[in-house]
Structures are given as C-alpha cells and as structure tokens.
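Chemist: Structure below; questions to follow.
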Amino acid sequence: GKKGPAEKGLPETTKNGNKRKSPKELKERVTGFFDQFFLTDAPERRAMSARVFNHTSKAEYEESLNEPGVLSTYSDMRYLKEFLPTWPVVPYWRIEKKSER
C-alpha cells in the first residue's frame with residue numbers, strides 16, 4: 008500500500024507547522040494557484056519579472072529604479088518578505104541543519 012509521511016521518515020507537519028499534504032492535495036493546490044494567478048484569463052492574473060544587470064548596463068539599471076514595484080536593495084526585499092508568511096526570512100542555505108551541528 009501507500010506509505011504515509013511517518014513511514015517515509017517525514018514528520019506529519021511541515022517546517023511551518025502545517026499538516027503535510029498528500030501528492031494529490033499538493034498537485035491540486037499548485038494547479039489551483041496557477042489557474043488563479045497565471046493563466047492568460049486568470050481572475051487575479053499577476054506577473055513577476057526578475058532582472059540581473061551587469062556593469063555595462065548601469066544606466067539601464069538606474070533608470071529602472073524609478074519604476075513602481077522595483078526592489079533594488081536587500082532592505083526592500085526584507086520589507087516585502089514581511090508580508091509573505093510562507094517565504095523564509097533567512098535564505099535556506101544559511102539555516103543550520105540539526106545534523107550539521
């Protein structure tokens with residue numbers, strides 16, 4: 008039969024304390040999120056664009072700072088993350104794992 012989280016060596020809850028979802032539940036949630044925000048006719052369509060500038064594009068980078076919604080500093084990103092409870096505050100690669108201590 009199918010193994011539950013405990014049989015796979017996983018806790019019953021996620022790191023955020025939420026009940027762990029089955030693969031079917033997770034798929035439904037991800038596809039629902041996609042349908043709600045990313046389809047061309049989605050009711051709450053959103054777009055996100057990430058750009059990385061090198062030194063030869065400094066003028067273009069500085070022009071982009073005047074556009075609304077542009078995050079250009081670490082403190083801008085930290086401020087945004089205050090409103091996104093499911094995103095970690097600390098980058099995942101900086102969190103010590105219990106087995107590494």
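End of the sequence shown sits at 108 in our numbering; the numbers just go up one at a time, nothing left out. Ideal Cβ positions, reconstructed from N, Cα and C, are used throughout, including at glycine.
1. Just verifying my parser: in three-state terms, what is the DSSP assignment at K15?
2. Whole angstroms are fine: how far does the CA of S56 sit from the CA of L78?
3. Using three-state DSSP, classify K10 as helix, strand or coil.
4. Check the C-beta distance from F44 over to E51 and give it rounded, since I have them as a contact under 8 angstroms.
5. If I follow the unbroken alpha helix (DSSP H) through G39, where does it start and stop?
Modeler: Let's see:
1. In the structure shown, K15 falls within a coil segment according to DSSP collapsed to helix, strand and coil.
2. Rounded to whole angstroms, L78 to S56 spans 11 angstroms at the Cα level.
3. Three-state DSSP puts K10 in coil, outside helix and strand.
4. Confirmed, Cβ separation roughly 6 angstroms.
5. G39 -> alpha helix (DSSP H) spans P30 to F44.
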